[in-house]
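Visitor: Reminder that position 55 of the sequence shown reads as 67 in our numbering, one-by-one numbering, no gaps.
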Amino acid sequence: MTAARESAVPPLNVVICGGGRTGHLAAVLFKQIPGVCVSLLTSRSEVVDNHRRSATGITALMPDGTACAARLDAV
């Protein structure tokens, strides 16, 4: 995909509603894609508080032991 083609693609908005660990993982993975805006809806106030305090946002632990972090657009 060329740079001109990339700019012609509209941004993608993804909203994750809950989902626990799987929802958090999906949010982090979607946020790795340029142009994707990710919102996470949760009823857990500690998730919201932790996201606000953290400079890196949400961290997912991958199967190989590495960590992947993303600052979501809204929690």
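All C-beta atoms in this analysis are idealised placements derived from N, C-alpha and C, irrespective of residue type, glycine included.
Since the structure is predicted, the reported quantities are computational estimates derived from the model, not experimental observations.
L84 by DSSP, collapsed to three states: which one?
Guide: Sequence index remark: in the sequence shown, residue 84 carries index 72 (1-based). Here L84 sits in coil by DSSP.
Visitor: Closest to C29 by CA distance: which of C80, S66 and S51 is it?
Guide: If you number the sequence shown from 1, residue 29 lands on position 17. Measuring from the Cα of C29, the nearest candidate turns out to be S51.
Visitor: With a CB to CB cut of under 6 Å and the five nearest residues on each side skipped, what residues in its chain are close to A86?
Guide: Looking up residue 86 in the sequence shown gives position 74. Hits under 6 Å: S51.
Visitor: What residue range does the alpha helix (DSSP H) around T71 cover?
Guide: Taking the first residue of the sequence shown as position 1, residue 71 is located at position 59. Where T71 is concerned, there is no enclosing alpha helix (DSSP H), although the beta strand (DSSP E) it sits in stretches over I70 to L73.
Visitor: Does the segment 52-59 come within contact of the segment 72-80, defined as at least 3 CB pairs closer than 8 Å?
Guide: Contact between the segment 52-59 and the segment 72-80 is absent, because fewer than three Cβ pairs lie under 8 Å.
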